[in-house]
Amino acid sequence: MFILGISVTRAARRVVLSSSKLKMTLQNGSVTSTRSCSSTADTNNNNLRWDLTPEEIRHQTQRLIQRIKQAYDSVGSVDIGKVCFENTLQVIADAKAEYAASRHVLDIPQYVSPCKEVRLASTEADKRLSGFDVEVSMRADVFQRLIALQEKQSGDLLPESERFLGRLIKLGKRNGLHLSKDVQEEIKSISKQISELSIDFNQNLNEENTVLLFSQEDLVGLAESYVNGLEKAEDGWYKVTLAYPHYFPLMKRCHVPETRRKMEMAFHSRCKDVNTAILEQLIELRARLAKLLSFSSHANYVLEMTVAKNSENVARFLEELYKRLRPVGEQERHYLLSLKRADCERRGLAFDGQLHAWDMPYYMNQVEQVKFAVDKDKLIEYFPLEVVTEGLLNIYQDLLGLRFQRVEDALVWHDSVKLYSVLDSVTGEEIGQFYLDLHPREGKYGHAACFGLQPGCLGPDGNRRMPVAAMVANFTKPTSSWPSLLQHHEVETFFHEFGHVMHELCSRTRYAEFSGTQVETDFVEVPSQMLENWVWEKEPLRKMSRHYKDGSPIPDSLLDKLIASRVANTGLMNLRQIVLSKADQTLHTKDRADTAAEFAKHSEDILGIPATPGTNMTASFSHLAGGYDGQYYSYLWSEVYSMDIFFSRFKKEGILNPKVGREYRRVVLEAGGSVDGMDMLKTFLGREPCQDAFFQCKGLAQTITEQNSQ
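Residues 1 to 710 in the UniProt record's numbering are what the sequence shown lists, from first letter to last.
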């Protein structure tokens with residue numbers, strides 16, 4: 001997941017690790033000190049501070065607002081007859097670049113700071129800045145001068161400048177600046193409410209800290225390493241949180257249905273009362289705003305700026321995909337039920353003839369073991385986090401023509417965070433920096449995501465500003481006796497999110513507005529999804545794995561089984577995505593909604609699995625308050641394109657072919673949002689994109705052939 005711009009415009013045995021086995025050794029890389037490269041940092045403007053006190057956050061927020069307001073005031077006061085590129089568009093471009101570079105040290109700490117007071121201050125700063133975003137977006141005086149500039153000078157501008165100007169005018173109209181003052185004021189009020197409620201929704205999730213207590217008997221089936229990694233209460237019971245490294249392994253491996261039921265119930269009840277109220281209020285406000293702007297629904301309002309364009313196209317896409325997946329999903333569901341029946345007989349448990357939400361991860365995991373003989377306990381031993389990180393970084397370096405250097409003594413927000421410098425392997429130019437924040441802690445953002453921290457664009461002096469990004473994840477912490485070992489799906493997550501990081505850092509745009517991942521929402525996942533394919537191929541898998549004890553490689557037999565298991569549960573997993581996508585579309589094509597009931601209906605109708613009574617998954621569905629509202633379908637939509645890229649170019653010409661990799665960097669990553677996503681695709685593919693590779697990857701090619709012959 002990429003966190004969209006925060007504004008209205010947007011785990012057995014005890015071992016002692018050998019340091020020589022797991023030492024980070026980046027090929028062609030090195031370690032630098034912030035002191036030894038301070039001049040470079042100054043030149044490229046990575047002076048991000050992560051030690052601000054709550055009072056400093058408040059003070060800097062106020063000063064930032066004042067500075068940016070002055071810039072917009074200057075544009076708004078230009079004589080209409082004297083507007084030109086320099087006094088209008090360039091001033092706005094410089095202000096946007098400064099704002100983006102200054103804002104994130106103020107609003108990102110709410111997601112990552114170990115200090116609760118700082119997180120609270122950051123949340124308040126985010127609210128103030130988001131309110132200011134609304135004010136800026138509603139500047140009719142600035143809008144009028146942009147219109148005048150377009151009429152006067154549009155044909156004389158560079159293509160990216162003309163695109164920038166056109167986008168600002170389009171956004172102005174989408175904010176109602178062509179409507180009456182009364183309507184503009186109502187739009188402004190609603191937009192501020194939406195912004196504050198979205199921040200509250202996500203803050204509630206970040207601060208959620210539920211702990212469940214279980215006995216050793218409750219945790220039968222879980223690996224010894226998992227149990228040994230849990231804290232104990234005074235009475236000797238184990239503390240299990242709802243953080244990903246606790247929740248997902250338990251749901252997949254615990255033999256005790258009641259334990260799984262309690263965990264699933266708690267997980268999908270996170271922030272249920274408060275966030276249900278917030279989300280349902282958001283839905284009403286979004287619908288009202290869309291109507292004021294003459295859109296039939298909020299979904300159609302947000303989709304206007306995407307590749308899909310409208311809700312009818314999205315509905316058609318999801319329905320066609322559902323029809324192809326439904327028979328596969330039904331077969332898989334019947335097979336899961338047979339696994340449950342056999343499991344209940346084996347363990348002496350009553351078989352109720354139903355699949356529940358807490359059964360799904362457990363029996364889907366069994367499919368991989370039974371049908372594909374994937375030994376998860378054995379597999380995890382080959383993916384120590386340090387080895388995966390080393391391999392991943394080396395692959396990205398070689399593929400994209402980059403070199404990574406660890407920055408020592410870096411200023412970071414937590415001592416577990418690492419900073420890397422990214423250099424072009426040919427020119428040696430430093431093109432960006434990224435932070436890795438990979439372990440859970442209290443108050444931290446609970447999912448995996450990329451945060452853009454500073455845009456890569458031209459500054460007021462004409463020199464290129466260095467982009468900076470952070471990857472935030474929640475992989476199991478290492479202990480004094482155990483390394484951090486990753487499940488294969490976590491390796492996939494690592495590759496995905498780091499793909500977003502590369503998108504952020506490789507872009508070479510003129511304007512902050514188009515830097516990095518500032519592309520259509522239903523295109524933003526394409527680069528990261530495409531790069532997930534490397535964790536399903538032998539050569540890259542060998543590069544990012546070795547046994548945590550002796551450094552031995554994964555046996556071929558285990559690799560073959562893992563790769564074959566990619567199509568395990570294809571129907572159900574993709575139907576789950578359709579459930580979420582259709583629920584999102586339904587919620588955002590209505591004026592108001594019962595969110596729990598809507599999700600439950602789609603889960604029952606599409607997946608054939610009832611939602612657990614008393615839960616509301618949407619209350620913790622952070623995408624709906626994080627910029628993907630009405631656009632969650634983007635994950636499936638983007639995957640069609642990402643698979644076409646991978647199979648048509650990389651799979652055909654070499655998955656580690658640096659020539660293809662560098663072309664990909666140039667055509668797709670460097671362009672950022674300065675070119676339409678579809679145009680990038682056509683250029684890189686040399687043709688129109690198609691869906692064949694997507695269905696081939698899902699193991700549905702035979703299904704398509706059978707359907708076409710009927």
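Ideal placement from N, C-alpha and C gives every residue a C-beta, glycine not left out.
On the DSSP bridge assignment, give the partners of residue i in chain order.
{"i": "G432", "result": "V422"}
{"i": "P384", "result": "L485"}
{"i": "F494", "result": "Paired residues: none, contrary to the question."}
{"i": "F451", "result": "A470"}
{"i": "E231", "result": "K239"}
{"i": "L458", "result": "R464"}
{"i": "D437", "result": "V472"}
On the premise that residue j lies in contact with residue i, defined as a C-beta separation below 8 Å, what is that separation, rounded to the nearest angstrom?
{"i": "P610", "j": "S603", "result": "7 Å"}
{"i": "F514", "j": "E160", "result": "7 Å"}
{"i": "A243", "j": "G446", "result": "6 Å"}
{"i": "E492", "j": "V535", "result": "5 Å"}
{"i": "Q366", "j": "L339", "result": "5 Å"}
{"i": "S626", "j": "M265", "result": "Note that residue 626 is Gly in the sequence shown, not Ser. That pair is no contact at about 24 Å."}
{"i": "K549", "j": "A373", "result": "Contact flag wrong, Cβ pair sits at about 23 Å."}
{"i": "E400", "j": "G661", "result": "It is Leu, not Glu, that sits at residue 400 in the sequence shown. With 8 Å as the limit, L400 and G661 qualify as a contact, their Cβ atoms being about 5 Å apart."}
{"i": "N574", "j": "K698", "result": "7 Å"}
{"i": "N616", "j": "K272", "result": "5 Å"}
Leaving out five residues on either side along the sequence, give the residues of the same chain with a beta carbon under 7 Å from the beta carbon of residue i.
{"i": "R546", "result": "Y382, V387, S552 and P553"}
{"i": "I278", "result": "L197, D200 and F201"}
{"i": "D377", "result": "A223"}
{"i": "residue 725", "result": "There is no way to answer for residue 725, as the model of the chain reaches only from 1 to 710."}
{"i": "T703", "result": "Reliability fails at T703, whose pLDDT of 43 lies under 50, so the model's placement of it is uncertain and the value that follows must be treated cautiously. R324 and V328."}
{"i": "S674", "result": "E160, R163, T509 and F514"}
{"i": "D148", "result": "The question names Asp, but residue 148 in the sequence shown is Ala. For A148, where only same-chain residues beyond five positions count, the Cβ hits under 7 Å are I80 and V83."}
{"i": "W413", "result": "W50, P109, V112 and S113"}
{"i": "T479", "result": "G229"}
{"i": "A121", "result": "P54, I57 and R58"}
For residue i, count the other beta carbons within 10 Å of its own beta carbon; 16 or more makes it buried, fewer makes it exposed. Which is it?
{"i": "residue 721", "result": "For residue 721 there is no data in the structure shown, the boundaries of the chain being 1 and 710."}
{"i": "N569", "result": "buried"}
{"i": "F351", "result": "exposed"}
{"i": "S294", "result": "exposed"}
{"i": "A597", "result": "exposed"}
{"i": "S18", "result": "The pLDDT assigned to S18 is 29, lower than 50, so where the model puts this residue is not dependable; a value taken from the coordinates is nonetheless given after this. Exposed: under 16 other Cβ atoms inside 10 Å."}
{"i": "A693", "result": "buried"}
{"i": "I80", "result": "exposed"}
{"i": "R103", "result": "buried"}
{"i": "K543", "result": "buried"}
{"i": "C690", "result": "exposed"}
{"i": "P460", "result": "exposed"}
{"i": "V15", "result": "Low confidence applies to V15: its pLDDT is 27, below 50, so where it sits in the model is not reliable, and the reading given next is rough at best. So V15 ends up on the exposed side."}
{"i": "A512", "result": "buried"}
Below 8 Å CB to CB, which residues in the same chain sit around residue i once its five sequence neighbours on both sides are set aside?
{"i": "V302", "result": "T521, H588, D629, G630 and Q631"}
{"i": "A233", "result": "L213 and K239"}
{"i": "E280", "result": "R592, A593, D594 and T595"}
{"i": "T276", "result": "T595, A596, N616, T618 and A619"}
{"i": "P249", "result": "A11, L222, A223, Y226 and Q487"}
Under 7 Å: does the beta carbon of residue i sit that close to some heavy atom of the ligand FMN?
{"i": "E98", "result": "Ligands are entirely absent from the displayed structure, and the ligand FMN is therefore not among its contents."}
Provide the residue span of the alpha helix (DSSP H) that contains residue i, from first to last.
{"i": "V302", "result": "H298 to L303"}
{"i": "G571", "result": "T570 to L587"}
{"i": "residue 718", "result": "Because residue 718 is not part of the residues shown, which for the chain are 1 to 710, the question remains open."}
{"i": "L219", "result": "Unbroken run through L219: none, as it is neither H nor E."}
{"i": "F248", "result": "Y244 to R253"}
{"i": "T259", "result": "P257 to F267"}
{"i": "G677", "result": "G677 to L685"}
{"i": "G329", "result": "S311 to R347"}
{"i": "L531", "result": "V526 to E532"}
{"i": "K590", "result": "Neither: K590 is in no alpha helix (DSSP H) and is coded neither H nor E."}
{"i": "S634", "result": "S634 to I645"}
{"i": "N202", "result": "K181 to E207"}
{"i": "residue 764", "result": "No statement about residue 764 is possible, as the shown extent of the chain runs from 1 to 710 and does not include it."}
{"i": "A125", "result": "K116 to S137"}
{"i": "R288", "result": "K272 to L292"}
{"i": "S557", "result": "D556 to A564"}
Once the 5 residues before and after residue i are set aside, which same chain residues still bring their CB inside 6 Å of it?
{"i": "R35", "result": "Because R35 carries a pLDDT of 37, less than 50, the predicted location of this residue cannot be relied on, and the following value inherits that uncertainty. Nothing meets the Cβ criterion."}
{"i": "H298", "result": "R286, A287, A290, H588 and G630"}
{"i": "L572", "result": "G329 and E332"}
Check for me: the beta strand (DSSP E) holding residue i runs from which residue to which?
{"i": "K239", "result": "Y238 to T241"}
{"i": "R406", "result": "L402 to E408"}
{"i": "F214", "result": "V211 to F214"}
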